[in-house]
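Asker:
Protein chains: 2
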Amino acid sequence: MIGQARHRVVVIGAGFGGRYAARALRKAPADVTVINGTNHHVFEPLIYQVATGILSPGEVATPVRELFRGQRNTEVLLGWVTDVDAENRTVTATAPGGLPYRVPYDTLIVAAGTAQSYFGNDRFAEHTISLKSIDDAVELRSRILTAFEMAELATDPAEQARWLTFVIVGAGPTGVELAGQIAEIARRTLPGEYRRIDPAQARIVLIDAADRILPAFSAGSSAAAARRLRRLGIEIRTGAPVTDVDAGGVELPGERIEAMTRVWSAGVAAAPLAARIAEATGAPTDRSGRILVEPDLTVPGHPEIFVVGDLMSLGGLPGVAQVSIQGGGHAGRTIRRRLAGKPAGKPFHYLDKGNIATVSRFSAVADLRGVRLSGLAGWLLWLGVHWAYLPRGRNRASSLIRWAVTFLGRSRPERAVTARQAGFPAAPETAPGPAAEVAAHA
Amino acid sequence: MIGQARHRVVVIGAGFGGRYAARALRKAPADVTVINGTNHHVFEPLIYQVATGILSPGEVATPVRELFRGQRNTEVLLGWVTDVDAENRTVTATAPGGLPYRVPYDTLIVAAGTAQSYFGNDRFAEHTISLKSIDDAVELRSRILTAFEMAELATDPAEQARWLTFVIVGAGPTGVELAGQIAEIARRTLPGEYRRIDPAQARIVLIDAADRILPAFSAGSSAAAARRLRRLGIEIRTGAPVTDVDAGGVELPGERIEAMTRVWSAGVAAAPLAARIAEATGAPTDRSGRILVEPDLTVPGHPEIFVVGDLMSLGGLPGVAQVSIQGGGHAGRTIRRRLAGKPAGKPFHYLDKGNIATVSRFSAVADLRGVRLSGLAGWLLWLGVHWAYLPRGRNRASSLIRWAVTFLGRSRPERAVTARQAGFPAAPETAPGPAAEVAAHA
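As they're listed, the protein sequences go chains A and B.
Take the first sequence: its position 368, counted from the start at 1, is 368 in full-length UniProt numbering, and no numbers get skipped.
Take the second sequence: its position 203, counted from the start at 1, is 203 in full-length UniProt numbering, and no numbers get skipped.
(1) Indicate the three-state DSSP secondary structure (helix, strand or coil) for A/R396 in the structure shown.
(2) Go through its chain and collect everything with a Cβ distance to A/L297's Cβ below 8 Å, but skip five positions before and after it.
(3) Which residues in chain A have a C-beta closer than 7 Å to the C-beta of B/D135? List them in chain order.
(4) Kindly indicate if chain B contains any beta-carbon less than 8 Å away from that of A/H386.
(5) Between the C-alpha atoms of B/R203 and B/R369, what's the straight-line distance to the nearest angstrom?
(6) Taking only the alpha-carbon atoms, compute the straight-line gap between B/P428 and B/A388 and give it to the nearest angstrom.
(7) For A/L77 and A/N39, which I take to be in contact (beta-carbon distance under 8 Å), what is that distance rounded to the nearest angstrom?
(8) Please state if the CB of A/I182 and the CB of A/V81 are separated by a distance shorter than 8 Å.
(9) Please confirm whether A/S56 and B/G53 have their CB atoms less than 8 Å apart.
(10) To which residues of the same chain is B/V10 closer than 6 Å at the C-beta, ignoring the five residues directly before and after it?
(11) Candidates B/N36, B/P199, B/W403, B/A5: which alpha carbon is nearest B/R19's?
(12) Could you tell me whether the Cβ atoms of B/H127 and B/V205 are closer together than 8 Å?
(13) Which residue from B/L408, B/T261, B/A283 puts its Cα closest to that of B/I129?
(14) Where does residue 468 of chain A land, buried or exposed, given buried means 16+ other C-beta within 10 angstroms?
(15) Using beta carbons (cut-off 8 Å, strictly below), is B/G233 in contact with chain A?
(16) Of all Cβ atoms in chain A, is any one closer than 8 Å to the Cβ of B/I277?
(17) Apart from the five residues just before and just after A/S222, which ones in its own chain have a Cβ nearer than 7 Å to its Cβ?
(18) Between A/R123, A/E75, A/V320, A/R337, which lies nearest to A/T174 when the distance is taken from Cα to Cα?
(19) Quick one: does B/E429 have its CB under 8 Å from some CB of chain A?
(20) Runs of 3 residues minimum, wholly inside the stretch 9-90 of chain B: which ones carry the beta strand (DSSP E) assignment?
(21) CB A/E66 to CB A/A357, shorter than 8 Å?
(22) When burial is assigned at 16 or more other CB atoms within 10 Å of the CB, is A/E184 buried or exposed?
(23) Look at A/K353 and A/Q322 and say whether their C-beta atoms are less than 8 Å apart.
(24) If you measure between the beta carbons of B/V84 and B/I168, is that distance less than 8 Å?
(25) Within 10 angstroms of the Cβ of B/E139, are there 16 or more other Cβ atoms? Answer buried if so, exposed if not.
(26) Alpha carbon to alpha carbon, how far is B/P241 from B/G254? Give it in angstroms, no decimals.
(27) Excluding the 5 residues flanking B/Q160 on each side, which residues of the same chain have their C-beta closer than 7 Å to its C-beta?
(28) Is A/P57 close to chain B? Criterion is C-beta to C-beta, closer than 8 Å.
(29) Name, please, each residue of chain B whose Cβ falls closer than 7 Å to the Cβ of A/T146.
(30) Sorted by chain position, which residues of the same chain lie with C-beta nearer than 6 Å to A/R402's C-beta, five sequence neighbours on each side aside?
(31) Please work out which residues of its chain come closer than 6 Å, Cβ to Cβ, to A/F424, disregarding the five sequence neighbours upstream and downstream, and give them in chain order.
(32) Please classify B/A377: is it buried, with 16 or more other beta-carbons within 10 angstroms of its beta-carbon, or exposed?
(33) Return the CA-CA distance between A/A375 and A/A171, expressed in angstroms with no decimal places.
(34) Kindly indicate if chain B contains any beta-carbon less than 8 Å away from that of A/A186.
(35) Does DSSP put A/F348 in a helix, in a strand, or in coil?
(36) Nearest to A/R72 by CA position, among A/R26, A/N88, A/T238, is which residue?
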């Protein structure tokens, strides 16, 4: 058991920011408590591969307890943090089943990540699916695969076309990667498996309000990615802000696209916790609700509260994994220096290592500190980087097999959609009334 | 598109029975429609490994469409069959979202499997979890792993003990395999990861009303398995019929076991569809609700309806994979012979290839036509048999890695429990009221 007298650090969230913050404290004379809403750390850059049947959840999710097993000054608690009491230095969390509990801190690191932003439009949230968690990824996978099943059962051609249309709003890396993989499912994996529809005819539309896809990349990389996507038969709509979304499609200025599968990967907003923290500390927030921090990543007037990762707003830094990783490390090291009585408060400096996005198998674009790669060269770099960053040897070995199956072969290793995921009730026990005369040999 | 004049065979279910029935029809002059409630065939003998974090769902689930991709006379439809109209020779199914549809047949093969039997006791169903589908397996995995998390958060020792107690009712192969794997999770995987509890202290109780575990096995194999389980610290209660189950535990004659995780693997009952078919055809059913078939596996008075696998009752044959596989093949071959104008109606002969059950890593028991193996020899046989039966090369390669990680190492590759699976609401947005002063450094 951990003693009482030591400095207590609470880390909210075990994403990239929380993980690297807690890790930087491994030799600090402090007791560290990591509170996370699930039992796992997600390797977010590969979550789209769970959504498209390439990797299993376990291959992109490492148990938080496993990460800190050997770090004896650190404990892990399962819970969603719902509030912070900055005056009494206490965090409130909820366990599964609704049990609330409190954890006191001397120093707090907030790394609670983001929710998807719908720019205040609830209809967008209701009628699209986003891709932030394993829950999202499994649900999106279910929707993509079930759409082809529903098209096979449909007898009305317009309904069939709606099921075979996939719209992705937001052409950042996740949107681009998803569009490419849905195209490969439709054109490479499924053909030959259906008797009434041709899966290869599926329509995939990638939409962004900006004037080009991958706006954070160089113009050259953006153009190379767009060329490759068009070769895969993906329609690109840039400069096209979505004006409405409903249960049957998406509206753009002057165009309506009928589609049963609608993905939202445009823009992130701060997690709801950010508002509670702003309230508790008087901290200013930016337009997205993120907390404006001091150069050392602390909350103004609260040197004992750090905010890192997607919840932090500082000099326009983007919400990418590298900012979280480096910010988390900075917060952890700052606390360590303080505890050692050394001068702390050094400003955070972000080292931009570059951007990389896969477009399809054997094709990626990368902008790396002046060097631009695309096509196979970019893809091999993607492979190497992601393989090296994947946590633990076991995931590396099985992921390599999954990638070989998918990219060299044409299968997808993880295609099981359960009854619950497909939206079936538990196996219906009785006939649902007079059956419509649809489908099947009719 | 498939023509109209050909003989139409409908196969209900793509478990072992349906899969091998449809496969036996691949060269028959008939159009075959396989209707299944999910998009995948489940390799049931390994489903307990999904429930204990060893394999991913995709590794025990093969897409039904992939199985029949090259079988051009066969189509696959997603749907739960809810009724059979024997007079008009039509099957009614429901698609996701509730859309009903009808499919006509000339010959019908019913291979709809079983539901878990609770011997008419709804309380048992309400307060236990069974293990028949991937949904079940993922939920059980979530409950097992979350139980340790809840124990870590609990402050009351009695509550902690309840979370750390796992009861399995039914000591057939699934119950034994599950008990062994839960013991290995508690004693090998989790130690070192918790700071407040010792996962190795978890109590695992295996209960059966019969006077020994693995009643279908030889007395020698049963005793060998019991010895091994006891060495793993598993408590065995035989001759112990469960008299009640509630939200906090299980009642046996003269004993109550407090346990938050309660698994039901005792007894199967026919799927609800069996009752509809009995009603539609006047077929007799046995005590479990299974349909009593003629020696050629057809329904009395309905030579055009076959019942195979767990829904069929014939001469006391057990509900095991081999009976389904061989029965499905027999039905398919009988139809092929009829269509070729050859004498059909040959009785079904079951070839019992034996029984095998793993107890823990490196230890299994097997009864094979007079030969009895146990310990490492049995386990190597288990490994070989299951590896050979696993569908498709890709699953074989990745499963081997998973088994090495789990059995040579001490990790579990699939431990991710999502917020939805753990029973969290979507990330709670506000504090859930005054927090109880529980847990955490208090």
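Ideal placement from N, C-alpha and C gives every residue a C-beta, glycine not left out.
Answerer: On the basis of the data shown:
(1) Sequence index remark: in the first sequence, residue 396 of chain A carries index 396 (1-based). Note: A/R396 maps to helix in three-state DSSP.
(2) The residue labelled residue 297 of chain A in the question sits at position 297 within the first sequence. If we look at A/L297 and ignore the five residues flanking it on each side, its Cβ neighbours are F306, V307, V308, M312, L314, G327, H330, A331, T334, F348.
(3) The residue given as residue 135 of chain B occupies position 135 in the second sequence. Result: T418, A419, R420.
(4) Sequence index remark: in the first sequence, residue 386 of chain A carries index 386 (1-based). Not one chain B Cβ lies under 8 Å of A/H386.
(5) Here residue 203 of chain B is taken as the residue at index 203 of the second sequence, counted from 1. Here residue 369 of chain B is taken as the residue at index 369 of the second sequence, counted from 1. Whole-angstrom Cα-Cα distance: 36 Å.
(6) Translated into positions along the second sequence, residue 428 of chain B becomes position 428. Translated into positions along the second sequence, residue 388 of chain B becomes position 388. Since pLDDT at B/P428 reaches only 41, below the 50 mark, its modelled position is unreliable, and no value is offered.
(7) Within the first sequence, residue 77 of chain A is the residue found at index 77, counting from 1. Within the first sequence, residue 39 of chain A is the residue found at index 39, counting from 1. With a Cβ gap of about 11 Å, A/L77 and A/N39 do not count as contacting.
(8) Counting from one through the first sequence, the residue named residue 81 of chain A turns up at place 81. Counting from one through the first sequence, the residue named residue 182 of chain A turns up at place 182. Not in contact: A/V81 and A/I182 (Cβ atoms no closer than 8 Å).
(9) For this step, residue 56 of chain A is matched to residue 56 along the first sequence. For this step, residue 53 of chain B is matched to residue 53 along the second sequence. Cβ distance not < 8 Å, so A/S56 and B/G53 don't count as in contact.
(10) Your numbering for residue 10 of chain B matches position 10 in the second sequence. These residues qualify, in order along the chain: T33, V91, V103, Y105, L108.
(11) The residue given as residue 19 of chain B occupies position 19 in the second sequence. Taking only the C-alpha atoms, the option nearest B/R19 is B/N36.
(12) Translated into the one-based positions of the second sequence, residue 127 of chain B becomes position 127. Translated into the one-based positions of the second sequence, residue 205 of chain B becomes position 205. Cβ distance not < 8 Å, so B/H127 and B/V205 don't count as in contact.
(13) Position 129 of the second sequence, counting from 1, holds the residue named residue 129 of chain B. That would be B/T261, whose Cα lies nearest to the Cα of B/I129.
(14) This structure does not reach residue 468 of chain A, given that chain A is present from 1 up to 442, and the question cannot be answered.
(15) Within the second sequence, residue 233 of chain B is the residue found at index 233, counting from 1. At a cut-off of 8 Å between beta-carbon atoms, B/G233 makes no contact with chain A.
(16) Counting from 1 along the second sequence, the entry for residue 277 of chain B is found at position 277. Chain A, which has no Cβ nearer than 8 Å to the Cβ of B/I277, makes this no.
(17) Taking the first sequence and counting its residues from 1, the one referred to as residue 222 of chain A is at position 222. R212, I213, L214.
(18) Here residue 174 of chain A refers to the residue found at position 174 when the first sequence is read from its first residue. Looking at the Cα atoms, A/V320 is the closest of the given residues.
(19) Locating residue 429 of chain B in the second sequence gives position 429, counting from the first residue. At B/E429, the pLDDT of 40 sits below 50, so the modelled position is not reliable and the matter cannot be decided from this model.
(20) 30-36, 40-42, 61-63, 74-78, 80-85
(21) Locating residue 66 of chain A in the first sequence gives position 66, counting from the first residue. Locating residue 357 of chain A in the first sequence gives position 357, counting from the first residue. In this structure, A/A357 does not lie closer than 8 Å to A/E66 by Cβ.
(22) Here residue 184 of chain A is taken as the residue at index 184 of the first sequence, counted from 1. Looking at its Cβ environment, which holds 16 or more other Cβ atoms inside 10 Å, A/E184 is buried.
(23) For the purposes of this step, residue 353 of chain A is taken as the residue at position 353 of the first sequence. For the purposes of this step, residue 322 of chain A is taken as the residue at position 322 of the first sequence. Result yes, Cβ atoms of A/K353 and A/Q322 sit closer than 8 Å.
(24) Taking the second sequence and counting its residues from 1, one reaches residue 84 of chain B at position 84. Taking the second sequence and counting its residues from 1, one reaches residue 168 of chain B at position 168. No, these two residues do not count as a Cβ contact at 8 Å.
(25) In the second sequence, counting from the first residue as 1, residue 139 of chain B sits at position 139. Result: buried.
(26) The residue given as residue 254 of chain B occupies position 254 in the second sequence. The residue given as residue 241 of chain B occupies position 241 in the second sequence. Straight-line Cα distance between these residues: approximately 11 Å.
(27) On the second sequence, position 160 is the one that residue 160 of chain B refers to. Once the five neighbours on either side are set aside, the close Cβ partners of B/Q160 are A151, A154, I197.
(28) Here the question's residue 57 of chain A lines up with position 57 in the first sequence. Yes, contact with chain B.
(29) Mapped onto the first sequence, residue 146 of chain A falls at position 146. The answer, in chain order, is P96.
(30) If you number the first sequence from 1, residue 402 of chain A lands on position 402. The residues are I54, L55, P413.
(31) Numbered from 1 along the first sequence, position 424 holds the residue referred to as residue 424 of chain A. Here the set comprises nothing.
(32) In the second sequence, the residue the question calls residue 377 of chain B occupies position 377. Burial call: exposed.
(33) Here residue 375 of chain A refers to the residue found at position 375 when the first sequence is read from its first residue. Here residue 171 of chain A refers to the residue found at position 171 when the first sequence is read from its first residue. Correcting the residue identity first, residue 375 of chain A is Gly in this sequence and not Ala. Near 18 Å, if we compare the C-alpha coordinates of A/A171 and A/G375.
(34) As a first step, residue 186 of chain A must be located in the first sequence, where it is residue number 186. The Cβ of A/A186 sits no closer than 8 Å to any Cβ of chain B.
(35) Taking the first residue of the first sequence as 1, we reach residue 348 of chain A at position 348. Correct three-state label for A/F348: coil.
(36) The count along the first sequence starts at 1 and reaches residue 72 of chain A at position 72. The option with the nearest alpha carbon to A/R72 is A/R26.
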